[in-house]
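Notes to accompany the following structure.
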Amino acid sequence: MSTLLEKALEKVVALPQDEQDAIASQILASIADESAWKTRFA
């Protein structure tokens, strides 16, 4: 895991559960979107 991601996750852990879930959902959606674009242009 990169140092930047570790720092980001340290900050996320300090947030309330609902905010953690919202950030996690955004991250997962972003990864899925990026994967979809790669598939389309492969």
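Using the working numbering, you'd call the opening residue of the sequence shown number 628 and step up by one each time.
Note that beta-carbon positions come from the ideal geometry of N, C-alpha and C, so glycine has one too.
Here DSSP, grouped into helix, strand and coil, assigns residue 655 to helix.
Counting along the chain, the unbroken alpha helix (DSSP H) around residue 631 starts and ends at 630-640. Rounded to the nearest angstrom, the gap between the Cα atoms of residue 644 and residue 663 is 28 angstroms.
A distance below 8 angstroms between beta-carbons, with the five flanking residues on each side excluded, links residue 640 to the following residues of its chain, in chain order: 647. Using a Cβ distance threshold of 9 angstroms, residue 642 and residue 654 do not count as a contacting pair.
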